[in-house]
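**Q**
Residue numbers (the working numbering): 7 to 212.
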């Protein structure tokens, strides 16, 4: 249910703003952007390490969509959805529905560098689901990140990002001590991380 509500909100946001009078929806310094990208992530589950490319051959990959409403040239809000259903080990999948704030920290010539902090939901299907010792569920996610934007042609920008997701409540299926048979619980959370690259288009504003 929450997954559907988040997706619906993300998809309807640009339509709602565009339906308003441009002068009321977008101020003199504001702008509305929307884009698509493709991401590759270390799922931090069934992987030897937590670095972005620790298990490159079995990283989860897939498309995403995002909306940026920049209230001011240096700060604004972002909504993001991502569906990484490809390439994961034994059909492992991760998807996200997130929203939060963003701030432009520096500009190098025409390259803008932004930081962001998003909050929302993370959905995971672990390898081999629904076999024993696997799971499928949703978890609260905190997501700091860095974004890069570079102008291409009129209204379009190249958009890249790195995100580090924190799922504090994630608890993996228990394993068992081979000697004693006692259960070993994995309640340390999950930290998927990775990169995305795509394009963004300016619908309104400067």
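The C-beta atom is built at its ideal place from N, Cα and C for all residues, glycine as well.
Can you tell me whether residue 29 is buried or exposed, with buried defined as 16 or more other CB within 10 angstroms of its CB?
**A** Per-residue confidence for residue 29 stands at a pLDDT of 47, beneath the threshold of 50, marking its modelled position as unreliable; the derived number appears in the next sentence. Result: exposed.
**Q** Here's a check: name, in chain order, each residue in its chain whose Cβ is nearer than 6 Å to the Cβ of residue 167, leaving out the five neighbours to either side.
**A** Answer for residue 167: 151, 153, 202, listed in chain order.
**Q** Using the Cα positions of residue 43 and residue 69, report the straight-line distance between them to the nearest angstrom.
**A** Using only the alpha carbons, I get a separation of about 6 Å.
**Q** Would you identify the three-state DSSP class for residue 50, choosing helix, strand or coil?
**A** DSSP places residue 50 in coil when its eight states are reduced to three.
**Q** Under a Cβ-count criterion, where at least 16 other Cβ atoms within 10 Å of its own Cβ denotes burial, should residue 198 be classed as buried or exposed?
**A** Residue 198 should be labelled buried.
**Q** Please go through the same chain and pick out, in chain order, the residues whose beta-carbon is closer than 7 Å to the beta-carbon of residue 126, but skip the five residues on each side of it.
**A** Closer than 7 Å at Cβ, skipping near neighbours: 12, 102, 103, 104, 105, 147.
**Q** Give the range of the beta strand (DSSP E) segment to which residue 57 is assigned.
**A** Element bounds for residue 57: n/a, residue is neither H nor E.
**Q** Mind listing, in chain order, the continuous alpha helix (DSSP H) runs of no fewer than 4 residues lying wholly within the stretch 116–160?
**A** Runs of the alpha helix (DSSP H) inside the stretch 116–160: none found.
**Q** Give the straight-line distance between the Cα atoms of residue 130 and residue 136, rounded to the nearest whole angstrom.
**A** If I take the Cα positions, the gap works out to 12 Å.
**Q** Any contact of the stretch 71–79 with the stretch 45–58, i.e. 3+ C-beta pairs under 8 Å?
**A** No, the stretch 71–79 does not touch the stretch 45–58.
**Q** What does residue 78 pair with, by DSSP beta-bridge criteria?
**A** The partner list for residue 78 (beta bridge, DSSP) reads 81.
**Q** Within this structure, are the beta carbons of residue 195 and residue 173 separated by less than 9 Å?
**A** In this structure, residue 173 lies closer than 9 Å to residue 195 by Cβ.
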